[in-house]
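These notes are about the structure you will find just below.
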């Protein structure tokens with residue numbers, strides 16, 4: 001069954017994502033940074049809005065919900081059962097390891113805590129798509145506002161276990177800055193240098209750099225590469241465990 005996925009820029013640098021099933025006409029949204037651009041994107045396409053799947057409680061991912069509920073009465077909102085007290089009112093509460101259906105597609109729920117505790121990612125295997133918001137990001141990962149390095153590293157490893165052709169839809173346009181930082185960590189990574197050049201060219205044209213593929217992230221994203229010997233050598237941390245290396249990379253990015 002064909003599924004269209006549309007990236008919608010919101011606020012200053014947020015992205016939200018519309019998923020439209022051509023066979024059923026159903027439309028879902030991942031995160032709701034603000035209502036107006038989402039309502040306009042739906043209006044232009046003549047699509048309804050049936051569901052919203054929230055990844056985490058931060059305002060830049062939920063503040064558009066009241067306006068969307070006004071525009072689309074009967075809208076069904078999904079989010080983490082464990083974080084329901086911090087989220088807008090939920091019509092469906094989900095747990096990591098569970099799944100739910102959308103227009104004949106299986107939506108799998110993954111715990112990606114670290115940026116926040118209770119942060120979820122949504123994986124649609126048949127569409128080869130994962131919506132990761134502020135966990136795994138293009139050439140980066142979210143700041144550790146609530147979780148620790150081990151929590152985020154374990155979350156990233158869960159995402160890294162998905163098929164390499166999975167398309168990663170993350171929540172912000174931070175890729176150019178992330179690329180500049182990544183080059184300070186692995187300046188000899190040819191794949192990274194090539195990607196950084198493509199990112200700069202895309203931004204110069206005003207084009208988004210999200211989504212990316214998991215294979216791209218594995219080859220170039222320093223936060224996914226903390227377990228690799230070449231990364232440990234680059235940081236002079238050959239004898240350190242993976243979590244310690246990840247923590248060092250995250251600390252350097254926080255100071256960058």
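In UniProt numbering, the protein residues as written are 1 to 256. Don't be surprised by glycine CBs; every beta carbon is placed ideally from N, CA and C. For clarity, every value in this text was computed on a predicted model and none was experimentally measured.
Take residue 212 as the anchor and find which of 93, 169 and 178 has the nearest alpha-carbon.
Here residue 212 corresponds to residue number 212 of the chain shown, with the count starting at 1. It is 169 whose Cα lies nearest to the Cα of residue 212.
Given that a residue counts as buried once 16 or more other Cβ atoms are within 10 Å of its Cβ, and exposed if not, what is residue 12?
In the chain shown, residue 12 corresponds to position 12, counting from 1. Within 10 angstroms of the beta-carbon of residue 12 lie fewer than 16 other beta-carbons, which makes it exposed.
4-residue-minimum alpha helix (DSSP H) runs that sit fully inside the stretch 35-63, ordered along the chain
Entirely contained in the stretch 35-63, the alpha helix (DSSP H) runs reaching 4 residues are, in chain order, 35-45 and 59-62.
If you draw a straight line from the alpha carbon of residue 245 to that of residue 79, how long is it in whole angstroms?
Locating residue 245 in the chain shown gives position 245, where the first residue counts as 1. Locating residue 79 in the chain shown gives position 79, where the first residue counts as 1. When the Cα atoms are used, residue 245 and residue 79 turn out to be separated by approximately 32 Å.
Where does residue 224 sit, in a helix, a strand or coil, going by DSSP?
Sequence index remark: in the chain shown, residue 224 carries index 224 (1-based). In the structure shown, residue 224 adopts helical secondary structure according to DSSP, grouped into three states.
Would DSSP call residue 9 helix, strand or coil?
On the chain shown, position 9 is the one that residue 9 refers to. Three-state result, residue 9: strand.
Does any residue of chain B have a CB that is nearer than 9 Å to the CB of residue 146?
Protein chain content of the structure displayed is limited to a single chain, and chain B is not contained in it.
What is the rounded straight-line gap between the Cα of residue 131 and the Cα of residue 51?
For the purposes of this step, residue 131 is taken as residue 131 along the chain shown, with counting starting at 1. For the purposes of this step, residue 51 is taken as residue 51 along the chain shown, with counting starting at 1. Answer to the nearest angstrom: the Cα atoms are 15 Å apart.
Where does residue 189 sit, in a helix, a strand or coil, going by DSSP?
As a position in the chain shown, residue 189 is number 189, starting the count at 1. The three-state reading of DSSP puts residue 189 in coil, since its state is none of H, G, I, E or B.
State the DSSP-derived secondary structure class of residue 99, mapped to helix, strand or coil.
Reading the chain shown from its first residue, position 99 is the one you call residue 99. Residue 99: strand per DSSP, three-state reduction.
Which residues in the same chain as residue 33 place their Cβ atom closer than 7 Å to its Cβ, once the five residues preceding and following it in sequence are excluded?
Taking the chain shown and counting its residues from 1, one reaches residue 33 at position 33. Once the five neighbours on either side are set aside, the close Cβ partners of residue 33 are 10, 11, 14, 16, 60, 61, 63 and 64.
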